[in-house]
Structure formats: C-alpha cells, structure tokens
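2 protein chains.
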Amino acid sequence: MEHTARILLDLLMMFAAAKIMGEIFERIKQPAVVGEILAGILLGPYIFGLISPSQTETFHVYQVLAEIGVIILLFSTGLHIRVEEILSVGRTSSMVAVLGVILPFFFGYLFTLTSEHSTVEALFIGAAMVATSVGITARVFADLGILDSRVAKVILGAAVIDDILGLLVLAVVTGVGKGAISYLKIALITLEATGFIFFLIIIGKKLIYRMAPTFGFLKSRNAPFALAVLFCLGLSAVASYIDLAAIVGAFMAGMVLAELNVEFKLSMRFESLYDFLVPFFFVVMGTQVDLTVFTRFNLIGAALILTAFAILGKLIGCGLGAFNLGWKEGSVVGVGMVPRGEVGMIVASIGLGMGVISTDLYSIVIFMVVATTLLTPPFLAKMISKGFVKKEEERKVEQRVEDLPVDL
Amino acid sequence: MEHTARILLDLLMMFAAAKIMGEIFERIKQPAVVGEILAGILLGPYIFGLISPSQTETFHVYQVLAEIGVIILLFSTGLHIRVEEILSVGRTSSMVAVLGVILPFFFGYLFTLTSEHSTVEALFIGAAMVATSVGITARVFADLGILDSRVAKVILGAAVIDDILGLLVLAVVTGVGKGAISYLKIALITLEATGFIFFLIIIGKKLIYRMAPTFGFLKSRNAPFALAVLFCLGLSAVASYIDLAAIVGAFMAGMVLAELNVEFKLSMRFESLYDFLVPFFFVVMGTQVDLTVFTRFNLIGAALILTAFAILGKLIGCGLGAFNLGWKEGSVVGVGMVPRGEVGMIVASIGLGMGVISTDLYSIVIFMVVATTLLTPPFLAKMISKGFVKKEEERKVEQRVEDLPVDL
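Read top to bottom, the protein sequences are chains Y and C. Numbered by this note's numbering, the letters in the first sequence go through residues 1 to 408 in order. Numbered by this note's numbering, the letters in the second sequence go through residues 1001 to 1408 in order.
What follows is the structure, encoded as structure tokens:
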C-alpha cells in the first residue's frame, strides 16, 4: 500500500504542478508548456527534490507515462493533417529538413574542432545538434490553434525527415567512434525508415478506407477510439523497433487517420487522454534537467556559444529551406525547428558511454538542449501573435485573389 | 529504444487482446469484462507467455497503469451517485456490509479449522474471504447502464464500509499472527478510515460548491477535467496513505463531484481516459492468475468447497442485509458482492509471508478469488437481463403510485 500511495502522491504533485505553472504562464501570456517544464525542474532533484530520477524503479513508471503522453501528443497532432497536405509542402519540408541537419552539424563540428577537441568528439557534438524535438512546437501550435497552417505542415513534415536523417548521422558517427562504419547497417536503416514512411503514405489511405466500415460494425462501446488507439500504439511500436522515434510512428498513424477525424470525432475522443498524459511528458522532461550544468562557470561560455550555434544552425538552415514561404513564415519555421530535446541528450550520452566525448562536452550539450527547448516557445508565441503565420483560411482567400485574371 | 519498443508492443498486445476478447464476449451476450480478464490469462505466463509478471521492472509499469485504470473506473462510478443517494440507502448498505463480512469470515474460519489447520490459519483464511472487489460489479453495472439503480447504490455504499471492516479484520488477524494485537493501531485505523469518509460526506459537498466557480475562472484548457483529476488523485493518495484501498478514495472523490457532473459534463470528459486505462486493469489482473492452482488435483476438492463457501457467505450475508429491497434486488446485491479480487490475494500473501499459512491454503485462496471473479459477471448480467433490477425511473413511478391516497 505504501508504494501505491507514494506513486499516487507523485502523480498528484506532477499533475498539480503542471497545471498551476501552466495556468501562471498562460496568465503572463507565455506558452503553458514552458510552465510545465519549469514545474518539472521545480519538483526535480535540484530544487525541491520531490521527484527524483535516481529512484529508478518508480521513475521508470513516470518515464513510460511521459512516453505514452508524447505519443498521444504527436498522434493528436497528426489527426489534424492529411497525408496530401504534408505532400503538398513536401519539397519545402525536405529542404527544411536537409539544410536544418547540415548546418547545425557543421556548426557543432567546427565549434568542437576549433576548441581543441578530437575529430570524433566533433562528430558526436555535430550529431547531437541535428535532431529537432518536435513535441514542443507541436504543443505550442496546438495551444494556439494553428495546427492547420501551412507552417505547421512544413515543420511536421520536416520533423519526420529530420528524424530519419538524424538516425543516419548517428549510425555514421557511432560507426566512426567504434572505428568501423557498417555500410550495410546504414543501408538497412535507410531502407527500413523510408520504407515505413512511404508504405504508410501510399497504402495508409486505402487501408483506412477499408477499415472505416468496421468502426460502425463493432459492438464494443467507443469502438472508433479503441481502433485508433490500436493503430497509434501499433505504428509507434513498429517505428520504435526500426529505431525511428516512436513519435514518428504516432504522428504517421494520426496523419493516416486524419481522413476519418471529422466523421468519427477522433480528436475529441482523444481530448481527455491528451489532457491527462501530455503534461507528464513535459514535467518528466523538466525533472531530468541537470541544473548543475548552469553552475559550472568555466563551461558557461562554451555552452552559450554552442547554444547560439544550435539556434543559428536551425534558424538559418530551416529558414533558408522554407524561403519560398516568405520571410515571415520562413522565420517561424526556423524558430519552430530550434528545440532539440531528448534526442540530442541521447546522442551525447551514447558518446559519453563509448568514452569518446568528455563529461564537459556532455554537460555543454545538456545546456544547449535545455536552453533551446525553453527559449523557443515564447518566441514562437510572440511571432504568431504578431501575425507571422497566416491561418489556412486567410491564405486560401489570398490565393484565390492572386489566381484571379488580372483584367478583372 | 529497444526497451521503449518492447513496452509499446506489450501495451499494444494487452489493449488489442482486451478489445478482441471483449468484443467476442459481447457477441455471445456475456460481459466484456470477463473477456478482458481472459485476455490477460491468455497473454500471461501459463498460456502464450507474452506478458510475464516475473519481469518485474516492466511489469511494474503495467501494474501502475492498471491501478490508475481501476481508480478512474471507481471515480467514474462515483460520478453517477450523489452523497445523499448513498446515505438514503445507508442502513441497507451497512447491513449488507456487516453481514457480508461476518458470514464469509466464519465460513472461511470454520472450513479451515475443520480441515485440520491451526486457529491462526483459520483466521487468515477467514480474513481473505471478507473483502469484496467492487471493480468487477461496478464495471458490469456501467456496461449495462444501471449505475443509477438502487441496487448499485447499496452495493457501492456497502463496498466502502466493507473495505473499512476488511481493514480492521486484517489488523486483528495479523496481530494474532504476530502474537500481539495492537489495540492502539486498530483504534487508529478505525478513526482514520471513518474520519476520512465522514469528513468527505459532511464537508465534501460544501467544498465542491466553493470550488465550482473556479472551474470557469481558470484559463487552462479543459480546466474542469484537470481539477477533477487532481481531486481524484488527491483522495486516492490520502485513502492509500491511511491504508484504505485507493479506489475507496477515488469513489468518494467521484461521489462528491457528482454534484457537478451534469453541469461540467465530467463523465463525458473522462470517457476516453476510462476506455484507454480500464482494460489494462482487467488484463493485468488476468496475467497474474496462477493457473497451476487448477492443475493440483489434490487441492481441487478443498478449493471448490472454499469457493462455494465464499459465494454462499456473500450471497446469504449480503442478500439478508438487502432483504428489504425484495428477494430479486436482494439477490442481485448478494451476487454483486461475491467477487473477491486482489484484496483476498493480498491477505493470503501476508499470511504466507508471515509463515502462518501453508502454500496449499494460499493456492486454494487464489482459486477462490479467480473463480468468484470470473463467475460473477455472467450471473449478474443474466439477472439484470431478466429484469431483477428496477431502473431508477420505474422505481420512482411505482413509488408515486404507492404514495397516492387510497381513495383516489
């Protein structure tokens, strides 16, 4: 009983802190998601010490809840975007993803090399700069109701490609770290990941139209919800098995089901699951922030420079990639791709585990991840409130006006 | 990644198996909940071996999900029942609870004594016979849409009292097992548990009317849901800390919030959380069923007899307690109180841990728990389909007819 009581109390504290901080941040006109991450930092080991990642068995439970939370977040995001809509911005998304991987990689690589580190270290830091953590941006866009904008589609499409590219970079870099690149492995990863995505894009829609009639055929209560959960968990598991992020699978699942979203009120059916689980993702993220990094004054300088490069890399790279959207929307795409999140940390910790990067460099990466994650939402919210992002309706009206014959 | 993938696959299997088996059971006109438990048994170590309780770290995660599931189940049940409604059947509920504790206890006690076991063993088996696991019955009633019937109120009220009584019995019995009963501890348990319940009954409603305006005052999206979650987790944690079942706290939280259920559409807001989490409770319950008990033929006789006593104890005890509802509704109350569930197992395992009961007796208790849990839902469903339970509207109409002046 003691153990159950402890877990329930922890869940209560995390949920309460998330909601209170979220409410405060909304009142000062800042994104609630930043409040939720700060709630986690406050509860974590360096401030109040109420939730401790070092209590591994219990904390593991919260990590799984958080993982399900971010899966539901990306699934719900996908529900708002149809496959064709992503494909219609496919070229822009690809440009954003590719340039947004190349620039940060080279910035990280060059920064590390010039500060007297080895080539392997430089490669690892470059790799840690690559992967965008799209959860933050998706959440901000959802909260501000612009998930159906062109910018959102470009970013989400780019995030999927970005994840595949990140995977390849990681495979190459760890190969170099071990002293031998396995070209077979890299080919296999490429094949699996792109195969998965293309299979869903091509077959997904047909599959869904076949599935749709069964929704009404089942006797179980809330059957469309249950089928959607199965589809979401299924694709997340597959993505995870082929080493893609589980959230890429969840997003693809949502996107394929977007065809049926209106008919079966899927978004609405997932609302309470979203509101219950998503906060755990951001709070748990917050509890894992190692604040001691900020107190190592000898590192602060280097950490700030790397963070600046991390921001500039995505801002310039992704901004250039989305240049055809105009400078306003292009810069929102650039900012939206800035947050790094857990993938950067994972890459750095692999390097640390292999003994090829120093703990100092590891700490600098953590700093960069935390800073990019916390800085992005306020800027995004500001740009959106200034009207940088055109809503879908506005854009369509303008498009129609432009398309009118000139001699009207 | 491998680890995340494994967990996602497990969750997928559990959810899919629950839904498939639930669907099959609904089609053969049986309660879906039995299908869900059988899904767990199928996935468990004795049939397909896909989910194994012995993989403690991973399984622990599923247990927590299951625990949150049953908390949401009892909270949602509570949302349909106002405090006054439970109080209006308070006397009947108390009789049901008291007689439903005394009879099974003595049946278990006498059965064990007469089969050449010690007094301490007999006391433990008696204690394991006591506690009703109300989740099963609540689920069947919810599925059949009769949560607002008088029978449901009597059973749920009785389950709360039953839990307190079970706690006291356990305290006495473990005291005897250790060789010293702590009267102070027993007094403290009584005080805490009854204090908690009475505090909520008396203060709860006022508290809620004070809270209600804040529901609209908050900026956060879906604020009523968030506040309800906090209230539910909070009371579950408190109940758990004072050694009551967490679900008693969750049920009380739901009941107190029932005042606001209609105004803020709380039941509806919890629907998808319910549909996602509740199946995990029953599937995880299924995976923990030790099927080897059924193969020990030397025990089967004794196990069947104890099961018969377990059923008769509640049927007669609770049936008598609810005699004033008439024999039809009284017998539904009797059947509804039959399932034992996890509490019986916990009592038996405490006895096993203290070395005061034999593994044979432990296995017999497990058999009894599984049998009472699986047998109850079909009987309940049958009785309800035969019209044993009057719906609330019917009862009110009849009441009004009875109340009319005779010389109309």
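C-beta atoms are modelled at their ideal positions from N, C-alpha and C, and glycine is treated no differently.
Residue nearest to residue i in terms of C-alpha spacing, selected from the options
i                   : options                                           : result
lysine 1314(C)      : Lys1029(C), Val1130(C) and Leu1207(C)             : Val1130(C)
leucine 79(Y)       : Asn261(Y), Ile47(Y) and Gln55(Y)                  : Asn261(Y)
leucine 1123(C)     : Ile1146(C), Ala1193(C), Pro1339(C) and Phe1105(C) : Phe1105(C)
valine 33(Y)        : Ala17(Y), Ala187(Y), Glu271(Y) and Asp163(Y)      : Ala17(Y)
valine 1083(C)      : Met1368(C), Val1256(C) and Thr1376(C)             : Val1256(C)
glycine 1216(C)     : Phe1264(C), Gly1177(C) and Cys1232(C)             : Phe1264(C)
leucine 165(Y)      : Ala128(Y), Leu299(Y) and Gly355(Y)                : Ala128(Y)
valine 1356(C)      : Gly1090(C), Ile1007(C), Thr1119(C) and Val1061(C) : Thr1119(C)
leucine 65(Y)       : Met1345(C), Gly1145(C) and Leu1011(C)             : Leu1011(C)
glycine 1326(C)     : Thr1056(C), Val1140(C) and Lys1390(C)             : Lys1390(C)
asparagine 1298(C)  : Glu1342(C), Gln1288(C), Leu1244(C) and Asp1360(C) : Asp1360(C)
isoleucine 7(Y)     : Gln63(Y), Ile41(Y) and Lys19(Y)                   : Gln63(Y)
alanine 245(Y)      : His117(Y), Ile68(Y), Ala348(Y) and Thr295(Y)      : Ile68(Y)
serine 1349(C)      : Glu1121(C), Glu1085(C) and Gln1030(C)             : Glu1121(C)
valine 89(Y)        : Asp162(Y), Cys232(Y) and Ala158(Y)                : Ala158(Y)
isoleucine 1071(C)  : Gly1317(C), Leu1375(C), Phe1282(C) and Val1333(C) : Phe1282(C)
leucine 9(Y)        : Leu1380(C), Val1238(C) and Gly1351(C)             : Val1238(C)
phenylalanine 15(Y) : Thr376(Y), Glu36(Y), Thr4(Y) and Gly341(Y)        : Glu36(Y)
isoleucine 1102(C)  : Val1151(C), Gly1179(C), Ile1161(C) and Phe1198(C) : Ile1161(C)
arginine 395(Y)     : Glu85(Y), Ser149(Y), Leu312(Y) and Gln30(Y)       : Ser149(Y)
Reduced DSSP secondary structure (H/G/I, E/B, other) of residue i
i                     : result
asparagine 1222(C)    : coil
histidine 1060(C)     : helix
isoleucine 1068(C)    : helix
methionine 1354(C)    : coil
leucine 8(Y)          : helix
histidine 425(Y)      : Because chain Y in this structure spans residues 1 to 408, residue 425(Y) falls outside the shown range and cannot be described.
isoleucine 1028(C)    : coil
phenylalanine 1199(C) : helix
methionine 1337(C)    : coil
lysine 1328(C)        : helix
valine 1053(C)        : The sequence given here has proline at residue 1053(C), not valine. Proline 1053(C): coil per DSSP, three-state reduction.
serine 76(Y)          : helix
leucine 1408(C)       : Its pLDDT being 46, under 50, leucine 1408(C) is placed unreliably by the model, and the measurement read from it follows with that caveat. Reduced to three states, the DSSP call for leucine 1408(C) is coil.
isoleucine 20(Y)      : helix
alanine 381(Y)        : helix
lysine 265(Y)         : coil
glycine 254(Y)        : helix
lysine 1206(C)        : helix
lysine 390(Y)         : coil
valine 89(Y)          : coil
serine 1118(C)        : coil
Neighbourhood of residue i by C-beta distance below 6 Å, restricted to the same chain and skipping five residues each side
i                  : result
leucine 1408(C)    : Residue confidence for leucine 1408(C) is low, a pLDDT of 46 falling below 50, so the modelled location carries little weight and cannot support an answer.
proline 1045(C)    : Ser1052
glycine 195(Y)     : none
lysine 1328(C)     : Phe1388
glycine 204(Y)     : Val256
methionine 1001(C) : Annotation note: pLDDT 47 at methionine 1001(C) (below 50); position unreliable, coordinate value reported separately. Excluding positions up to five away in sequence, the list is empty.
valine 370(Y)      : Val289
cysteine 318(Y)    : Val96, Gly100, Val333, Gly334 and Met337
For residue j and residue i, believed in contact at Cβ under 8 Å, the rounded distance
i                  : j                 : result
isoleucine 1136(C) : threonine 1373(C) : 6 Å
proline 339(Y)     : serine 133(Y)     : 5 Å
glycine 1321(C)    : glycine 1100(C)   : 6 Å
tyrosine 274(Y)    : leucine 74(Y)     : That pair is no contact at about 11 Å.
Cβ-based neighbour list, residue i, same chain, cut-off 7 Å, excluding 5 preceding and 5 following
i               : result
leucine 1235(C) : Gly1249, Ala1250, Met1252 and Ala1253
alanine 1171(C) : Lys1185, Ile1186 and Ile1189
serine 182(Y)   : Gly175
valine 173(Y)   : Leu123, Phe124 and Ala127
leucine 38(Y)   : Met21 and Gly286
alanine 258(Y)  : Gly78, Leu79, His80, Ile81 and Arg82
leucine 266(Y)  : Leu79, Pro224, Ala228, Leu257 and Leu260
valine 1347(C)  : Phe1124, Ala1127, Ala1128 and Leu1170
alanine 1310(C) : Pro1104, Met1129, Arg1340, Met1368 and Thr1372
alanine 1152(C) : Phe1141 and Ile1146
Beta-carbon contacts of residue i that lie in its chain and below 8 Å, excluding the five residues immediately before and after
i                  : result
methionine 1453(C) : Beyond the ends of chain C as shown, which are 1001 and 1408, falls residue 1453(C); an answer cannot be given.
serine 1220(C)     : Ala1226
asparagine 1222(C) : Arg1269
isoleucine 1041(C) : Ile1047, Gly1286, Thr1287, Val1289 and Leu1291
Validate contact between the segment 1292–1307 of chain C and the segment 1364–1379 of chain C using beta carbons, cut 8 Å, 3 pairs: Judged by Cβ distances under 8 Å, the segment 1292–1307 of chain C makes contact with the segment 1364–1379 of chain C, as three or more pairs qualify.
Report yes or no: do three or more beta-carbon pairs, one from the segment 265–278 of chain Y and one from the segment 85–101 of chain Y, lie closer than 8 Å? Judged by Cβ distances under 8 Å, the segment 265–278 of chain Y makes no contact with the segment 85–101 of chain Y, as fewer than three pairs qualify.
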